[in-house]
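*Asks:* At position 8 of the sequence shown (counting the first as 1) the number is 7 in numbering that gives the first Met the number 0, and the numbers step up by one without a gap.
Dumping the structure here so I can ask a few things about it.
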Amino acid sequence: MTPAIQTILFLTSPEHGQSNVGLAVAEEFLQRGEYEVHIASFHPLAARVQAINNQADFDRVARFHTIAGPSMSELVARETPNICHKPGIAGTLDGCDKINKSVLAWSPEEYLRSYRSCLEILKAVQPVVVVVDPLLHLGLDAARSAQMKIVILWPVPLKDVVIMVQPKLGILWKYPLTGSGYPFQLPWHLILSNIYMVLCFGIIVRLGKPMRELLKCRKKAGIMTPFPHLLPYCAEHLHLSPCFPAMDFPLHVPDNVISCGPILRPHSSLAANDPSLNAWLTVPTILICLGSHVQALENDAMQMVRAIQTVFSKYPDIHVLWKLRYDWETSPRVKAILGPLVYSDKVRVVSWIQPEIISLLESGHIVVYVHHGGANSFFEACKGGIPQVVLPQWFDTGVGILFGFIASPER
């Protein structure tokens, strides 16, 4: 008698930056056919899971389960339309406030509703292992409450996994606080400022109203495990990161944290996926893609247009492919410079890049990738061997990056 096939459940947030690694691993399991694959998330991810099932030639399909309640991106849109903040000490309080309003944006009722929805999914699926997105705090809470075997799949570098367990309180003086804009290694004159910002972040987030309310409701609901946001690393679970030590800060890494290298979804070549775009990429091209959540303002667009104009003055034979969520034709200032470049087909401006970014990076024509510092973008560029220019947009994209006030639209 053939034994029943075992199930694996992925619990993930639907946002691209969080879910891409989970979907990549889920597709690998579908390809191998060794497990029945289930994916649980909020409703925005359903369409992407369905697309995987439609496009791939697997013996089985991934079964999607909807977590009740709003996703983080929906909460961010509700609570704080703009999650950007200034780097350094000047932006510390604002950055902490926006962390409270985004990562901790669930009301107690919303948190418990989604937490209980995850418990119901776990009970129905009965997986042999749960692969959890660590930013989906309520999902990790549910998996721990149900005493499941857990693997934590991080979409970020090792520093974000193990920063709290560095020897000699290295989080304070050795490593620049995420979002600070401080370089690594920290120069002496910035160490006190870094310590101040780390302590501010810990105190404001830990003692802030969103955290207090969530901790209170968790305790009332009988959730006794540590809140994931406060202790991202734990010794009880296996942690996987899409990083290599050589791509990260020098760190003490516990044995239960595994560096896997870039975890990317399967993709077809650019020629097969978008023949028209592939045909246009006949010369060295700069790719500009500042993340799926970035909605540009006129000042942002104008600053970028001037930078593109400067590049063309030195390298007139290149192309620029720019993913821009801004109606540039409504701005006379932007249109005056960008219009001639677009009409001559030296610059292409699109609101969304349909092919997988890695297929562009592996096309052989991208000479530099300008992105927002998101982990997916960083790892894709590392995998493709493409030089990167990082323009941080919010808290967790400004790591070890020296900021410049002269070129900042928000200076």
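Cβ atoms here follow ideal geometry from the backbone N, Cα and C, with glycine treated the same way.
(1) Which residue wins for smallest C-alpha separation from I88, given the options L189, L171 and L137?
(2) Throw me the rounded Cβ distance for the D247 and L157 pair, which I believe falls under 8 angstroms.
(3) Per the DSSP calculation, Y368 is bridged to which residue(s)?
(4) Distance check for Q302 and I336, CA to CA, integer angstroms please.
(5) Please list, in chain order, all residues of the same chain as Q387 whose beta carbon is under 6 angstroms from its beta carbon, the five residues on each side excluded.
(6) Taking three-plus beta-carbon pairs below 8 angstroms as touching, is the segment 177-192 in contact with the segment 267-276?
(7) For V310, which residues in the same chain have their Cβ closer than 8 angstroms to its Cβ, ignoring the five residues on either side in sequence?
(8) Could you check what DSSP says for F402 in three-state terms: helix, strand or coil?
(9) Find out if the Cβ-Cβ distance for the pair S12, S70 is shorter than 8 angstroms.
(10) Leaving out five residues before and five after I287 in sequence, what residues of the same chain have Cβ atoms less than 6 angstroms from its Cβ?
(11) In or out: R332 buried (at least 16 other Cβ within 10 Å) or exposed?
(12) Considering only DSSP beta bridges, list what H318 is partnered with.
(13) On the DSSP bridge assignment, give the partners of T7 in chain order.
(14) Please confirm if the segment 153-170 is in contact with the segment 36-56, defined as three or more CB-CB distances below 8 angstroms between the two stretches.
(15) What is the DSSP secondary structure of T309, counted as helix, strand or coil?
(16) Tell me V177's beta-bridge partners as DSSP assigns them.
(17) At 3 residues or longer, what runs of the beta strand (DSSP E) sit wholly inside the segment 104-158?
(18) What are the boundary residues of the alpha helix (DSSP H) that includes R62?
(19) Return yes when the Cβ of F9 is within less than 8 angstroms of the Cβ of A45, no when it is not.
(20) For V131 versus L152, is the C-beta distance shorter than 8 angstroms?
(21) Cα separation between P265 and E26?
(22) Ordered along the chain, which non-local residues of its own chain (more than five positions away) have a Cβ less than 7 angstroms from that of V20?
*Replies:* If we stick to the structure as given:
(1) L189
(2) Contact flag correct, Cβ pair sits at about 5 angstroms.
(3) L286 and Q387
(4) 11 angstroms
(5) Same-chain partners within the cutoff: Y368 and A380.
(6) no
(7) I285, I317 and V319
(8) Confidence in F402 is poor, its pLDDT being 42 and thus under 50, which makes the residue's placement too unreliable to answer from.
(9) yes
(10) W321 and V369
(11) Label assigned to R332: exposed.
(12) T284
(13) The residue asked about is misnamed: residue 7 is Ile in this sequence, not Thr. Answer is V36 and V128.
(14) no
(15) helix
(16) Note that residue 177 is Thr in the sequence shown, not Val. Per DSSP, none; premise fails for T177.
(17) 128-131 and 149-152
(18) Per DSSP, R62 lies in no alpha helix (DSSP H); the unbroken beta strand (DSSP E) holding it starts and ends at R62 to T65.
(19) no
(20) yes
(21) 8 angstroms
(22) L152, P154, P241 and I262
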